[in-house]
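These notes concern the structure reproduced below.
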Amino acid sequence: MVIKLKVISFTINGEKRQVTMRGDERLIDLIRDELKLTGTKEGCGQGECGACTVLVDGKAVPSCLMLAVKVDGKEILTIEGLKRNGILHPLQKAFIEAGAVQCGFCTPGMIMSLMELLSNQDEVTPEEIRAHLSGNICRCTGYSKIIDAAMLAHKMLKEMRNHV
Amino acid sequence: MFNVVAPENLQIAIDILSGENTKVIAGGTDLMVRVRQGMFKPDVLVDITRIRSLRGIKKTDDHIEIGATTTHSDILKNPDTPPLLKEAVSKIGSPQIRNLGTIGGNIVNASPAGDTLVPLYLYEATVEITGKGTKELPIEEFIKGPGKTVLKQGEILSNIRIPILKGYKHIFHKVGERDAMAISVASMGILYKTDGDILQDIRVAFGSVYPTVIRIKEVEELLRNQRISKDILIEASKIIEKNVKPISDVRATAMYRKKVAGRLIFRLLEISR
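Chains as they are written, first to last, in the numbering used here: chain D, 1 to 164; chain U, 1001 to 1273.
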């Protein structure tokens, strides 16, 4: 069998990119190995842990379960894309402020899952946050601080919206 | 190693799929794991998620039609989704998995634990197969056994048609090790219609306790036109234990599954309260 390389074009963290990938390479391989964006972590590699969560067209997906060629024409957002003009995103600030980072391995995935939830909802409850993070595992088990951080970020985002 | 093609046209996809060692990929939430574990070594994967006609939910006078590559998240968001299907889909995987995974993938996997299958058996859904032509089959005839369907090389599951049932309520219960990301140990779905405290009509199905999802008609007949009582549910429970044929695996023993399935029917007590 002849392995064909495929040229794919996409936007990542606001930047247009074009790369050549093999069919069997995954989105996480594209992000970490090809683009050297190592903020996104690979945990289980089977979609169970959520560490590799990124947004594709605004939707949180496990990048270990998606073929890289599937993002042709799409928009990807990774943890590196949250900072604006050197200023951290409210979610990142809230994680620091609430002490929601322990070993840090699950943090990028947690934040990207929360990005999906908080970008789409004006009001959110701790129960909704727990349900939305059900696909993200923290093996330090620092869940309460993560929920606190999410609620804090929600408050910060709401204040920002009200000021606009 | 394999190649991936992503045609936008259904007929082109089917032509490619007629070739040897080709396989459909949609959300990939199950297939990617299997391919990476080396359980399956395709030469070509045909990504069908760029075929527009396979995606979306349509409502007709008496049916809801769901395209095979409609994701679980899209099904959850749609106001036309039948309520029991909505509840079962909300228990699938995690939000990330639901953003990728598709209803067609869940059906074609033909897992006895497939969360969408219990509702589809209960609504008596039909599935459309597209190959050289198209044909429509009841879901119960489409699924042949664990991981087995009637699909042949060069055919894909294209559409799911669910009859709209008016005046029915539902119960869905999934027993697993945790709420998220769990493959069920046993699950039960019920569609029912009441007239006062009489069960006018009832349909009962179980997942994970038989080689396929199973409807237990004997229980439905026992309970139809009856008032719910503890006594009649004890009788129903015995019939369920007699009809299920669970296996022992890493998640639970066969005996445990049998007992759990029998006890689940007592959820019906809540409708008489």
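Every residue, glycine too, gets a C-beta built ideally from N, C-alpha and C.
These numbers come from a predicted model, not from an experiment.
Review point. Taking Cβ positions, are U:M1001 and D:D29 nearer each other than 8 Å?
Key: no
Any chance the region 1115 to 1132 of chain U sits against the region 1154 to 1172 of chain U, with 3 or more Cβ pairs inside 8 Å?
yes
CB contact below 8 Å: D:D24 versus chain U: yes
| query | Mapping DSSP to helix, strand and coil, what is U:Y1210? | reply | coil
Given this structure, state the Cα-to-Cα distance separating D:K70 from U:T1069, to the nearest angstrom. 14 Å
Query raised in the report: Based on Cα-Cα distance, which residue from U:D1195, U:I1216 and U:G1176 lies nearest to U:R1227?
Result: U:D1195
Helix, strand or coil for D:P90, going by three-state DSSP, please let me know. helix
Closest by CA to U:L1191, which one among U:P1095, U:K1166, U:I1057 and U:R1178?
U:K1166
In chain U, what lies closer than 8 Å to D:V69 by C-beta?
V1004, A1006 and D1047
query = Leaving out five residues before and five after D:I12 in sequence, what residues of the same chain have Cβ atoms less than 6 Å from its Cβ?
reply = I76
*Alpha carbon to alpha carbon, what distance is there between D:L88 and D:L82?*
7 Å
field: Cβ shell of U:N1106 (< 6 Å), same chain only, five flanking positions each side left out
entry: G1114 and T1116
- Backbone CA spacing between U:R1257 and D:K93 [nearest angstrom]: 47 Å
Can you find a C-beta in chain D that's less than 8 Å from the C-beta of U:S1094?
yes
Are the Cβ atoms of D:H163 and D:L118 separated by less than 8 Å?
no
### Task
Following the continuous beta strand (DSSP E) through D:V56, name the residue where it begins and the one where it ends.
T53 to V56
Any 3 or more C-beta pairs closer than 8 Å across the region 1139 to 1150 of chain U and the region 1004 to 1020 of chain U: no
Check: Which residues does DSSP pair with D:E75 in a beta bridge?
Finding: D:T11
Grab me the residues of U:P1112's own chain with a C-beta within less than 7 Å of its C-beta, minus the 5 sequence neighbours each way, in chain order.
P1146, G1207, S1208, Y1210, P1211, T1212 and V1213
* Use the C-beta contact count for D:L5: other C-beta atoms within 10 angstroms, 16 or more gives buried, fewer gives exposed. => exposed
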